[in-house]
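Enquirer:
2 protein chains.
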Amino acid sequence: MSVNVTKTFLPSQDEYTIILEKAWEKEWITNRGSLVHELESKLKKFLGVSNILATTNGTLPLQMAIKALGLKGEIITTPFSYVATTSSIVWEGCTPVFVDIHPEYLTIDETKIEAAITSKTSAILATHVFGNPCAVKEIESIATKHNVKIIYDAAHCFGVSYKGKSIFEYGDVSTCSFHATKLFHTGEGGAIFANNKALQNKLFYHHNFGHKGKEAFQGLGINAKMSELQAAMGLAVFPHLEKIIVGRKRAVQFYKNELQGFKQLKVRNETHWNYSYFPIIFETEEGLLKVQKALNTIDVFPRRYFYPSLEKLPYILSVPSIPVAENISETILCLPLYHDISEIELSTIVNCIKKTMAL
Amino acid sequence: MSVNVTKTFLPSQDEYTIILEKAWEKEWITNRGSLVHELESKLKKFLGVSNILATTNGTLPLQMAIKALGLKGEIITTPFSYVATTSSIVWEGCTPVFVDIHPEYLTIDETKIEAAITSKTSAILATHVFGNPCAVKEIESIATKHNVKIIYDAAHCFGVSYKGKSIFEYGDVSTCSFHATKLFHTGEGGAIFANNKALQNKLFYHHNFGHKGKEAFQGLGINAKMSELQAAMGLAVFPHLEKIIVGRKRAVQFYKNELQGFKQLKVRNETHWNYSYFPIIFETEEGLLKVQKALNTIDVFPRRYFYPSLEKLPYILSVPSIPVAENISETILCLPLYHDISEIELSTIVNCIKKTMAL
Numbered sequence: 000m001s002v003n004v005t006k007t008f009l010p011s012q013d014e015y016t017i018i019l020e021k022a023w024e025k026e027w028i029t030n031r032g033s034l035v036h037e038l039e040s041k042l043k044k045f046l047g048v049s050n051i052l053a054t055t056n057g058t059l060p061l062q063m064a065i066k067a068l069g070l071k072g073e074i075i076t077t078p079f080s081y082v083a084t085t086s087s088i089v090w091e092g093c094t095p096v097f098v099d100i101h102p103e104y105l106t107i108d109e110t111k112i113e114a115a116i117t118s119k120t121s122a123i124l125a126t127h128v129f130g131n132p133c134a135v136k137e138i139e140s141i142a143t144k145h146n147v148k149i150i151y152d153a154a155h156c157f158g159v160s161y162k163g164k165s166i167f168e169y170g171d172v173s174t175c176s177f178h179a180t181k182l183f184h185t186g187e188g189g190a191i192f193a194n195n196k197a198l199q200n201k202l203f204y205h206h207n208f209g210h211k212g213k214e215a216f217q218g219l220g221i222n223a224k225m226s227e228l229q230a231a232m233g234l235a236v237f238p239h240l241e242k243i244i245v246g247r248k249r250a251v252q253f254y255k256n257e258l259q260g261f262k263q264l265k266v267r268n269e270t271h272w273n274y275s276y277f278p279i280i281f282e283t284e285e286g287l288l289k290v291q292k293a294l295n296t297i298d299v300f301p302r303r304y305f306y307p308s309l310e311k312l313p314y315i316l317s318v319p320s321i322p323v324a325e326n327i328s329e330t331i332l333c334l335p336l337y338h339d340i341s342e343i344e345l346s347t348i349v350n351c352i353k354k355t356m357a358l
Numbered sequence: 000m001s002v003n004v005t006k007t008f009l010p011s012q013d014e015y016t017i018i019l020e021k022a023w024e025k026e027w028i029t030n031r032g033s034l035v036h037e038l039e040s041k042l043k044k045f046l047g048v049s050n051i052l053a054t055t056n057g058t059l060p061l062q063m064a065i066k067a068l069g070l071k072g073e074i075i076t077t078p079f080s081y082v083a084t085t086s087s088i089v090w091e092g093c094t095p096v097f098v099d100i101h102p103e104y105l106t107i108d109e110t111k112i113e114a115a116i117t118s119k120t121s122a123i124l125a126t127h128v129f130g131n132p133c134a135v136k137e138i139e140s141i142a143t144k145h146n147v148k149i150i151y152d153a154a155h156c157f158g159v160s161y162k163g164k165s166i167f168e169y170g171d172v173s174t175c176s177f178h179a180t181k182l183f184h185t186g187e188g189g190a191i192f193a194n195n196k197a198l199q200n201k202l203f204y205h206h207n208f209g210h211k212g213k214e215a216f217q218g219l220g221i222n223a224k225m226s227e228l229q230a231a232m233g234l235a236v237f238p239h240l241e242k243i244i245v246g247r248k249r250a251v252q253f254y255k256n257e258l259q260g261f262k263q264l265k266v267r268n269e270t271h272w273n274y275s276y277f278p279i280i281f282e283t284e285e286g287l288l289k290v291q292k293a294l295n296t297i298d299v300f301p302r303r304y305f306y307p308s309l310e311k312l313p314y315i316l317s318v319p320s321i322p323v324a325e326n327i328s329e330t331i332l333c334l335p336l337y338h339d340i341s342e343i344e345l346s347t348i349v350n351c352i353k354k355t356m357a358l
């Protein structure tokens, strides 16, 4: 067997083809065709969100959010996330200011945010890591007090709700990824959510060149349109969602029980989680490397999400040490997790880990 | 009949599905899969280019080019292009400086570029309008003399060559669009071409988050990856290219002969053109509007490419009048053009125009 950290969920090709027939019939392949509208409508209901805009990937929404909110100067962010969180800030001409993370929730440590706020701070861009919500209430209070905006990188959060509402409803803007490695996907893809109508409109114009009809323009824009080829994939994956989540839950429960000897992700109370990732945290990087090597030997490929800690990116000027994030990023390993990972595969992985660590 | 300015060329859905089977077999839908590699390889040969990088649309390459060349300050550009040419400059934090166009070639007027160069000028971003090459040799001389970079927005230029080599080989960077409305397309899509290896590498890192393997990063990046869903469309369209170009040539020749009473696009000598658009230029905007209305009445929908002139975008601060571009943008109309537009449709369009203008 060869087992990777994740496996793209593929509906049958027939399912995809049948949905895509509609695009062929209408001879309409992009520019907000009927499949994109259908997908947005289904996702809006499924996720319980007040608004959604589908996009061509999950990074352009971060860039659009920074532009739409008119952010300049410094953006407070987390060093423990996928590179896109930081690279979008830098690409858009702002300066990331890193605040350390909570050692168990792995999200930005809200108690350390205020100390990082300066006169140049325009926003907080935090990640709901592995679908685990940030301390959204506390962050909202800080943002209100200091008059800064909030963007949540909710790339991992498909289907997550917190305190009774979709995680995408928190913050000024939230973004999601529908990349092939995610539990719901459109091949490449993503979505953006905003908490007021004016912002939603601005984001809509941003995602389609500012077009207001064919010959008029309403503000700045680039191209972040999702095509019908992508939407059809989303619509083909959609009916399988329950099965996907149930299968992942089963695997997570297996890992949780069998790997109690490891520090695991602590999911925040009142979270309806999505079983998106299963990380274990080692006492030392040596332990991690030993287990990674042992797993690789039997063709199992876990992944060091997220490594390195983002303040170590080559284009980030030297910053003070960020102890928790650096320690976590060096000692955390995400185990293979997808809906149909077999009991045998799970057992093999767990046994290899235990044997290597002499647990 | 209902006839639009363009019609997406669709291969049979079976052709698409058969190609896409490879992605299903490999369970690999994005992140530079084998279909993207196959498409890049076929296009490289077909276009006769030294390098190509496929991207998810045609606008991200403009943004990547500006970043990769490290452009700041002012970028000299054309007001007569699709909005993306200007909006990419503004999105990337630079200031567009508009130079008027040549009244017959419709490309930037190279004789007026030097007067617009200031100490803040970092580049010239010009468009090969409707596939018609800019005065590339003269522009190269100016850029060399003033030490500024050259980007060509070659969105319309699939298959064009000039003076014996691909149009994509000119300038520091060229970009192309594979949008569904283009003669070759991947639904949404595009490509970028650069004239040296260091720049190609930089652009490659830019298009995939700066990833150098899974755990190392080489410079800044966002997500501009083309997926397998898009590449499969390109591979399905590819075998039809000769038919598409022959069909367009036939329609262009019909229009050219029948509409000699109008000013037409003057294609530059030594151009192997691609029959991408057929614009006619009216003496007055009133004439254009009259013809547009008459055509709309019989369900024919030409398009005012490019209107308005880009210095009129709402986010552009007031600039001096740009007489030729303003006049052209108000009086130019692109007629329906696609490979299988019928003789009857062509005759109907031409007769309606002639009758309306009493030609």
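Taken in order, these protein sequences are the chains called A and W. Under numbering that gives the first Met the number 0, residues 0 to 358 are what the first sequence spells out, in order. Under numbering that gives the first Met the number 0, residues 0 to 358 are what the second sequence spells out, in order. Here a beta-carbon is modelled for each residue, glycine too, at the ideal position from N, C-alpha and C.
1. Which same chain residues end up closer than 7 angstroms to W:H36 when comparing Cβ atoms and leaving out the 5 residues on each side of it in sequence?
2. To the nearest angstrom, report how far apart W:A250 and W:T7 are at their CA atoms.
3. Just the C-alpha distance for W:E227 and W:K25, rounded to the nearest angstrom, thanks.
4. How would you list, in chain order, the residues of chain A whose beta-carbon sits under 7 angstroms from the beta-carbon of W:I28?
5. W:L309 by DSSP, collapsed to three states: which one?
6. Can you tell me the Cα-Cα spacing of W:A22 and A:H210, whole angstroms?
7. At 7 angstroms on the CB atoms, spell out the chain W contacts of A:S328, in chain order.
8. Of all the beta strand (DSSP E) runs that stay within the bounds of the stretch 247–282 of chain W, which reach a length of 3 or more residues?
9. Taking the CB atoms as reference points, tell me whether W:F192 and W:V172 lie closer together than 8 angstroms.
10. State yes or no: is the beta carbon of W:T283 nearer than 8 angstroms to at least one beta carbon in chain A?
11. Using CA atoms only, rank isn't needed, just tell me which of W:E282, W:F97, W:T77, W:L42 is closest to W:F167.
12. Give the DSSP bridge partners of A:G384, in chain order.
13. Please report the Cβ distance between A:F79 and A:F305, rounded to the nearest whole angstrom; I am assuming they are in contact, meaning their Cβ atoms lie under 8 angstroms.
14. Just checking, does the stretch 219–236 of chain A make contact with the stretch 69–78 of chain A on the three C-beta pairs under 8 angstroms criterion?
15. Measure the beta-carbon distance from A:V236 to A:F183 and round it to whole angstroms, keeping in mind my assumption that it falls under 8 angstroms.
16. Quick one: complete beta strand (DSSP E) runs, 3+ long, within the stretch 9–63 of chain A?
17. May I ask you to report which of helix, strand or coil DSSP gives W:P95?
18. Taking C-alpha atoms, which residue in W:L358, W:T355, W:E344 lies nearest to W:N3?
19. So, is W:A197 buried or exposed, given that buried needs 16 or more other C-beta atoms within 10 angstroms?
20. Does any residue of chain W bring its CB to less than 8 angstroms from the CB of A:E39?
21. If you reduce the DSSP assignment to three classes, tell me which class W:C351 lands in.
22. Thinking C-beta only, is W:H338 closer than 8 angstroms to W:R247?
23. In the structure shown, what three-state DSSP assignment does W:K162 receive?
24. If we ignore side chains and look at the alpha-carbon of each, how far apart do W:V89 and A:L219 end up?
25. Looking at C-alpha atoms only, which residue of W:C93, W:G286, W:E14, W:E39 is the closest neighbour of W:Y314?
26. Using beta carbons (cut-off 8 angstroms, strictly below), is W:L345 in contact with chain A?
27. W:G47: buried (16+ other C-beta within 10 angstroms of its C-beta) or exposed?
28. Give every residue of the same chain whose Cβ lies closer than 7 angstroms to the Cβ of A:S165, excluding the five residues on either side of it in the sequence, and list them in chain order.
29. Counting only the same chain and skipping the five closest in sequence on each side, list residues whose C-beta sits under 7 angstroms from that of W:Q291.
30. Bridge partners of A:E342, per DSSP?
31. Is it right to say A:G212 is buried, meaning 16 or more other beta carbons lie within 10 angstroms of its own, or is it exposed?
32. Candidates W:K242, W:T355, W:G170, W:T180: which alpha carbon is nearest W:Y151's?
33. Identify whether A:T117 lies in helix, strand or coil by the three-state DSSP scheme.
34. List the residues of chain A that W:I222 touches, going by C-beta distances under 8 angstroms, in chain order.
35. Who does W:D152 pair with in a DSSP beta bridge?
36. In whole angstroms, what separates the C-alpha of A:I116 from that of A:I75?
Expert: In brief:
1. Counted from its first residue, the second sequence places residue 36 of chain W at position 37. Cβ neighbours of W:H36 beyond the five flanking positions: none.
2. In the second sequence, counting from the first residue as 1, residue 250 of chain W sits at position 251. In the second sequence, counting from the first residue as 1, residue 7 of chain W sits at position 8. Here the C-alpha atom of W:A250 lies approximately 16 angstroms from the C-alpha atom of W:T7.
3. Here residue 227 of chain W refers to the residue found at position 228 when the second sequence is read from its first residue. Here residue 25 of chain W refers to the residue found at position 26 when the second sequence is read from its first residue. W:E227 and W:K25: Cα-Cα distance of roughly 11 angstroms.
4. As a first step, residue 28 of chain W must be located in the second sequence, where it is residue number 29. What W:I28 touches in chain A, judged by beta-carbon distance under 7 angstroms, is T7, A179, G186, going in chain order.
5. One-based indexing of the second sequence puts residue 309 of chain W at position 310. In the structure shown, W:L309 sits in a helix (DSSP, three-state: H, G or I).
6. As a working note, residue 22 of chain W is residue 23 in the second sequence. As a working note, residue 210 of chain A is residue 211 in the first sequence. Taking the straight line from one Cα to the other gives about 34 angstroms.
7. To locate residue 328 of chain A, count along the first sequence from 1; it is residue 329. Going along chain W, no residue has its Cβ under 7 angstroms from A:S328, so there is no contact; the nearest lies around 10 angstroms.
8. At a cut-off of 3 residues, the continuous stretches assigned as beta strand (DSSP E) that sit fully inside the stretch 247–282 of chain W are 277–280.
9. For the purposes of this step, residue 192 of chain W is taken as residue 193 along the second sequence, with counting starting at 1. For the purposes of this step, residue 172 of chain W is taken as residue 173 along the second sequence, with counting starting at 1. Going by C-beta atoms, W:F192 is nearer than 8 angstroms to W:V172.
10. Within the second sequence, the letter at position 284 stands for residue 283 of chain W. Taking Cβ atoms only, chain A never reaches closer than 8 angstroms to W:T283, which makes this a no.
11. Locating residue 167 of chain W in the second sequence gives position 168, counting from the first residue. Nearest of W:E282, W:F97, W:T77, W:L42 to W:F167, Cα basis: W:L42.
12. Since the displayed chain A opens at 0 and closes at 358, residue 384 of chain A lies outside it and no answer follows.
13. As a position in the first sequence, residue 79 of chain A is number 80, starting the count at 1. As a position in the first sequence, residue 305 of chain A is number 306, starting the count at 1. Contact between A:F79 and A:F305 is confirmed by a C-beta separation of about 6 angstroms, below the 8 angstroms threshold.
14. Contact between the stretch 219–236 of chain A and the stretch 69–78 of chain A is absent: fewer than three C-beta pairs spanning the two stretches fall below 8 angstroms.
15. Translated into the one-based positions of the first sequence, residue 236 of chain A becomes position 237. Translated into the one-based positions of the first sequence, residue 183 of chain A becomes position 184. Between A:V236 and A:F183 a beta carbon distance of about 6 angstroms is seen, short of the 8 angstroms cut, so the two are scored as contacting.
16. Every unbroken stretch of the beta strand (DSSP E) spanning 3 or more residues and falling wholly within the stretch 9–63 of chain A is given here in chain order: 52–54.
17. Within the second sequence, the letter at position 96 stands for residue 95 of chain W. Correct three-state label for W:P95: strand.
18. Translated into the one-based positions of the second sequence, residue 3 of chain W becomes position 4. For W:N3, the nearest C-alpha among the options comes from W:E344.
19. Mapped onto the second sequence, residue 197 of chain W falls at position 198. W:A197 is exposed by the Cβ-count criterion.
20. Sequence index remark: in the first sequence, residue 39 of chain A carries index 40 (1-based). No, its Cβ sits nowhere closer than 8 angstroms to a Cβ of chain W.
21. The count along the second sequence starts at 1 and reaches residue 351 of chain W at position 352. W:C351 sits in a helix when the DSSP states are folded into three classes.
22. Taking the second sequence and counting its residues from 1, the one referred to as residue 247 of chain W is at position 248. Taking the second sequence and counting its residues from 1, the one referred to as residue 338 of chain W is at position 339. Less than 8 angstroms divides the Cβ of W:R247 from the Cβ of W:H338.
23. Residue mapping note: residue 162 of chain W aligns to position 163 of the second sequence, counting from 1. Three-state result, W:K162: coil.
24. Working through the second sequence from its first residue, we reach residue 89 of chain W at position 90. Working through the first sequence from its first residue, we reach residue 219 of chain A at position 220. Their backbone Cα atoms lie some 8 angstroms apart in a straight line.
25. Along the second sequence, one-based indexing puts residue 314 of chain W at 315. Nearest Cα to W:Y314 within the set W:C93, W:G286, W:E14, W:E39: W:C93.
26. Taking the second sequence and counting its residues from 1, the one referred to as residue 345 of chain W is at position 346. No, because no Cβ of chain A sits closer than 8 angstroms to the Cβ of W:L345.
27. Reading the second sequence from its first residue, position 48 is the one you call residue 47 of chain W. By the neighbour-count criterion, in which a residue is buried when 16 or more other Cβ atoms sit within 10 angstroms of its Cβ, W:G47 is exposed.
28. Translated into the one-based positions of the first sequence, residue 165 of chain A becomes position 166. The beta carbon of A:S165 sits closer than 7 angstroms to the beta carbons of L46, G47, V48 from its chain, once the five residues preceding and following it are set aside; these are given in chain order.
29. Looking up residue 291 of chain W in the second sequence gives position 292. Sequence-distant Cβ neighbours of W:Q291 in its own chain, meaning closer than 7 angstroms and more than five residues away, are P301, L332.
30. By one-based count along the first sequence, residue 342 of chain A stands at place 343. Paired residues: none, contrary to the question.
31. Position 213 of the first sequence holds residue 212 of chain A. A:G212 comes out exposed.
32. Your numbering for residue 151 of chain W matches position 152 in the second sequence. The shortest C-alpha separation from W:Y151 is found at W:G170.
33. Looking up residue 117 of chain A in the first sequence gives position 118. Reduced to three states, the DSSP call for A:T117 is coil.
34. Here residue 222 of chain W corresponds to residue number 223 of the second sequence, with the count starting at 1. Note on residue identity: the sequence assigns Asn, not Ile, to residue 222 of chain W. Residues of chain A passing the Cβ test: N56, G57, T58, L59, A83, E187.
35. Indexing the second sequence from 1 puts residue 152 of chain W at position 153. Answer is W:T126, W:T174, bridged to W:D152.
36. Here the question's residue 116 of chain A lines up with position 117 in the first sequence. Here the question's residue 75 of chain A lines up with position 76 in the first sequence. Between A:I116 and A:I75, the C-alpha separation is close to 8 angstroms.
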